[in-house]
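What follows is a single structure, written as structure tokens, with notes after it.
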């Protein structure tokens with residue numbers, strides 16, 4: 064049985080795509096750039112917000128200066144509106160509560176910037192005592208770099224063999240591989256299941272309750 068479950072945030076615990084899309088479109092429009100349909104953002108997110116802005120900007124306009132301009136306006140808007148439409152995925156809250164009752168440690172490892180991660184997790188899951196809530200932090204490489212997982216293992220005093228990493232994208236599957244922990248891909252997030260299967264995770268969860276079974280194995 065696993066002792067620690069590390070969850071990705073966007074696309075795994077929370078459906079945040081609408082708020083991310085609205086805030087990015089706000090910043091793009093304010094700076095005179097074309098906006099995007101919401102479904103396009105499923106492939107823009109996952110590698111931190113600077114990469115999100117780079118992907119959202121038109122070809123030939125992906126300069127550091129433009130990325131910084133979009134970032135500045137995005138942060139002002141998103142900090143006010145990041146919980147407007149975001150919601151936990153079906154069954155996730157119940158699964159977190161059951162894991163907690165079973166005595167497992169629970170953590171979050173996200174490429175969302177730290178301030179937003181620290182705000183959204185306790186806002187939507189106030190009854191869960193997370194051992195770590197880590198997002199994108201200054202000076203630390205984003206996933207799939209495994210540093211964030213190593214930091215959580217240290218805080219949780221857990222071994223790699225005792226850990227299950229749960230996420231919805233290729234970035235998450237690569238993170239688990241790089242960190243040397245078992246991976247569980249979830250099919251309800253932002254990316255198609257074949258993207259997960261390409262990385263051969265130990266488990267694929269089609270519904271939240273599948274995670275409960277996998278931690279027992």
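Residue numbers (the numbering used here): 64 to 280. Glycine is no exception: its CB is placed at the ideal position from the N, C-alpha and C atoms. No experiment lies behind these values; they were computed from the predicted model shown.
Option nearest residue i by Cα separation, candidates the options
i	options	result
residue 179	158, 149, 246, 165	149
residue 168	194, 161, 138, 119	194
residue 272	102, 192, 152	152
residue 104	93, 116, 94	116
residue 175	274, 83, 158, 269	83
residue 120	145, 75, 177, 88	88
residue 146	86, 160, 257	86
residue 136	163, 162, 91, 109	91
residue 173	279, 251, 183	183
residue 231	165, 280, 206, 122	206
residue 204	218, 234, 73, 221	234
residue 71	118, 102, 65, 109	109
residue 93	177, 220, 227, 139	139
residue 280	161, 225, 236	225
Buried or exposed by the 16-neighbour rule on C-beta atoms within 10 Å, applied to residue i
i	result
residue 199	buried
residue 106	exposed
residue 317	Since the first and last residues shown for the chain are 64 and 280, residue 317 lies out of range.
residue 126	exposed
residue 74	buried
residue 78	buried
residue 264	buried
residue 270	exposed
Where the beta strand (DSSP E) through residue i begins and ends
i	result
residue 91	Note, residue 91: premise wrong, no beta strand (DSSP E); alpha helix (DSSP H) at 80 to 93.
residue 168	168 to 176
Beta bridge counterpart(s) of residue i as assigned by DSSP
i	result
residue 226	67
residue 268	249
residue 119	Answer is none; residue 119 lacks a bridge partner.
residue 73	77
residue 199	176
residue 151	77
Run of the alpha helix (DSSP H) containing residue i, from where it starts to where it stops
i	result
residue 130	127 to 144
residue 205	Run containing residue 205: none; DSSP gives neither H nor E here.
residue 237	233 to 242
residue 98	That residue, residue 98, is in no alpha helix (DSSP H); it is neither H nor E in DSSP.
residue 256	256 to 260
residue 217	210 to 219
residue 276	273 to 279
Quiz prompt | Stretch pair the region 85 to 101 + the region 154 to 174: three plus CB contacts closer than 8 angstroms | solution = no
Quiz prompt | Cβ contact (3+ pairs, closer than 8 angstroms) linking the region 234 to 243 and the region 209 to 226 | solution = yes
Self-check item: Any 3 or more C-beta pairs closer than 8 angstroms across the region 130 to 147 and the region 246 to 261
Solution: no
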